[in-house]
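Accompanying notes for the structure given below.
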Amino acid sequence: MFDTALSAADLWFLTKGAGMTILVTAVSVVFGTVLGIVFGVFRYQLGAIWAAPVTFVLDVSRSIPLLIQLVLANAFLGTVLRLQMSGFTVACMVLTLYTAAYCAEIVRGGIDAVPLNTRRAARSLGMTWAQDMRYIVMPLATRVALPSWIGLALGVMKDSALVYVVQVVELMKSTQILITRLQEPLFLLLICGLFYFVISFPLARFGGYLEKRWSND
Amino acid sequence: MIEIENVYKSFGALQVLKGINLTVPNGEVLTVIGGSGSGKSTLLTCINGLEKIDSGRILVDGTDVHAKSTDLNKLRQKLGIVFQQFNAFPHLTVLENVTLAPRKVLGQSKEQAREMAVKQLSHVGLGDKLDVYPSRLSGGQQQRMAIARALAMSPDYMLFDEVTSALDPQLVGEVLDTLRLLASEGMTMICVTHEMKFAREVSDRVAFFDKGVMAEIAPPAQLFDAPQTESLKTFLAATH
Ligand SMILES: Nc1ncnc2c1ncn2[C@@H]1O[C@H](COP(=O)(O)OP(=O)(O)OP(=O)(O)O)[C@@H](O)[C@H]1O
Ligand SMILES: [Mg+2]
Numbered sequence: 237m238f239d240t241a242l243s244a245a246d247l248w249f250l251t252k253g254a255g256m257t258i259l260v261t262a263v264s265v266v267f268g269t270v271l272g273i274v275f276g277v278f279r280y281q282l283g284a285i286w287a288a289p290v291t292f293v294l295d296v297s298r299s300i301p302l303l304i305q306l307v308l309a310n311a312f313l314g315t316v317l318r319l320q321m322s323g324f325t326v327a328c329m330v331l332t333l334y335t336a337a338y339c340a341e342i343v344r345g346g347i348d349a350v351p352l353n354t355r356r357a358a359r360s361l362g363m364t365w366a367q368d369m370r371y372i373v374m375p376l377a378t379r380v381a382l383p384s385w386i387g388l389a390l391g392v393m394k395d396s397a398l399v400y401v402v403q404v405v406e407l408m409k410s411t412q413i414l415i416t417r418l419q420e421p422l423f424l425l426l427i428c429g430l431f432y433f434v435i436s437f438p439l440a441r442f443g444g445y446l447e448k449r450w451s452n453d
Numbered sequence: 002m003i004e005i006e007n008v009y010k011s012f013g014a015l016q017v018l019k020g021i022n023l024t025v026p027n028g029e030v031l032t033v034i035g036g037s038g039s040g041k042s043t044l045l046t047c048i049n050g051l052e053k054i055d056s057g058r059i060l061v062d063g064t065d066v067h068a069k070s071t072d073l074n075k076l077r078q079k080l081g082i083v084f085q086q087f088n089a090f091p092h093l094t095v096l097e098n099v100t101l102a103p104r105k106v107l108g109q110s111k112e113q114a115r116e117m118a119v120k121q122l123s124h125v126g127l128g129d130k131l132d133v134y135p136s137r138l139s140g141g142q143q144q145r146m147a148i149a150r151a152l153a154m155s156p157d158y159m160l161f162d163e164v165t166s167a168l169d170p171q172l173v174g175e176v177l178d179t180l181r182l183l184a185s186e187g188m189t190m191i192c193v194t195h196e197m198k199f200a201r202e203v204s205d206r207v208a209f210f211d212k213g214v215m216a217e218i219a220p221p222a223q224l225f226d227a228p229q230t231e232s233l234k235t236f237l238a239a240t241h
């Protein structure tokens, strides 16, 4: 098994793939979370009926397989709208919306979990809606939402393996390229899995750390 | 002065307040008693504008609470309210619970707010719990913290909604003592309560609510010893 043709250059190639995976994930999770918070608050404030258009878009994004979304978005943006967009941009856009769709639900659930009485207490002290959101709802909702959000972020990272269909060479695609060349699928997949683990582990641990820190109150 | 003029309020088809008229002058301790669902809590939440009213007016120092032009956040600074359910901010320490609104709403400095908070927390007997999280407090301590939190805004009026109802019997006394202390200091208070002994002892006047109507209002001796209406007689007989 250690008798491998994998060279240092190949490892560097995989590392660059991992870098792309991190980049696509980071961009999508950051923007997706911001959008998700906006949509989530929006849905919570407006109620189901007024928020219906937004909900519809988010539902679509959640229910169509990512692979199909990527291919269709790429075709639509490139061929129909004739926009000069890189695969990377398309990938980030689709994944951002996908993240936002799930994040909006997580955010709404988090806000829902804050007891109305606690919020009334805040408002009755003269706090504005925004102050209530900032100092009471946000910290309490975050505690509730964090485990799901970590799960979402890790999920998006793994799902980002699909962006190869828009010509982005990330970790999974890099691995496949090497497999084709070296014909050592099991060994390479093992390495690839290790890379994914190394990327995910800090995020999972960070979540665990925050949960522990918050458990005292 | 709090002036309540012909206030009507319903939740959907359910009429909860049916023409309430009531004036609470400064310095008065008014207790409100009455059966479950008679509209006592609703009246308090209407006074500080957490609930809207259907018709009538509520004036606090001459300001119409429900007028469009009224800045409710500003008005609420003079109306402290403590609810039946404990509603500490669970992610903040006792000290932070009390300093949050003075800092963010009144714009006090950290030190200024802390000084006031320590004063109010000591006042209610929690001077040694500053850095504790609310989950470590008993129900009685949580209610006293809520009182200190409201007092830290230097309100002119305090509204209490059955602040002892959710407490174990042995913790009721400590919270009532805090209310007595406030009353003796001349705070204008409206206390919704089921504690008849307390009502008799601290109130200037007691109001009896029955099905959305203020059926009787009188000084405690008169109201308790010479009830005028059948409903009050029945209510008092049931609580004794
Ligand atoms: N937000 C609300 N939506 C719908 N109905 C409500 C709401 N708040 C109160 N009610 C109803 O209004 C009526 C009066 O409620 P309120 O809480 O004012 O009574 P109360 O006198 O405080 O009773 P209790 O002694 O049980 O606290 C009740 O029938 C209650 O179910
Ligand atoms: Mg009530």
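Protein sequences appear in the order of chains A and B.
The first sequence begins at 237 in this note's numbering and counts up one residue at a time.
The second sequence begins at 2 in this note's numbering and counts up one residue at a time.
Glycine included, every Cβ here is placed at the ideal spot set by N, Cα and C.
Runs of the alpha helix (DSSP H) lying entirely within the region 121-164 of chain B and spanning at least 4 residues, in chain order: 140-152. Boundaries of the beta strand (DSSP E) around residue 24(B): 15-25. Against residue 360(A), the close residues of chain B are 49, 51, 77, 82, in the order they occur along the chain (beta-carbon pairs closer than 7 Å). Note that the C-beta distance between residue 207(B) and residue 224(B) is below 8 Å. Selection 112(B), 212(B), 200(B) evaluated against residue 165(B) yields 200(B) as nearest (Cα-Cα). Neighbours of residue 188(B) in chain A, taken as residues at a C-beta separation under 7 Å, are lacking, since the least C-beta distance is about 17 Å. Shown here for residue 388(A): same chain residues with a beta carbon closer than 7 Å to its own, the five before and five after excluded, namely 335, 338, 339, 342 in chain order. Taken through DSSP and simplified to helix, strand or coil, residue 208(B) comes out as strand. Per DSSP, the unbroken alpha helix (DSSP H) holding residue 307(A) starts and ends at 302-311. By the CB criterion at 8 Å, residue 2(B) and residue 32(B) fall outside the cutoff. Separation of the CB atoms of residue 144(B) and residue 87(B) is rounded to 6 Å, and the pair is thereby assigned contact status at 8 Å.
Counting only runs of 3 or more residues that sit fully inside the region 260-348 of chain A, no beta strand (DSSP E) segment turns up. Residues of the same chain with a CB within less than 8 Å of the CB of residue 372(A), apart from the 5 flanking positions on each side, are 350, 354, 355, 358, 363 in chain order.
Within the region 171-218 of chain B, the complete alpha helix (DSSP H) runs of at least 4 residues fall at 197-203. Neighbours of residue 90(B) in chain A, taken as residues whose beta carbon is under 7 Å from its own, are 354, 372 in chain order. For a cut-off of 8 Å, the C-beta gap from residue 306(A) to residue 398(A) is around 6 Å, short enough to register as a contact.
If you draw a straight line from the Cα of residue 379(A) to the Cα of residue 436(A), it comes to about 20 Å. Looking only at 330(A), 419(A), 423(A), the smallest Cα-Cα distance to residue 267(A) is reached by 330(A). With its beta carbon less than 8 Å from one in chain A, residue 106(B) belongs to the interface. Relative to the non-hydrogen atoms of ligand 1, the Cβ of residue 251(A) never comes closer than 7 Å to any of them. One alpha carbon belongs to residue 53(B), the other to residue 29(B), and they sit about 25 Å apart.
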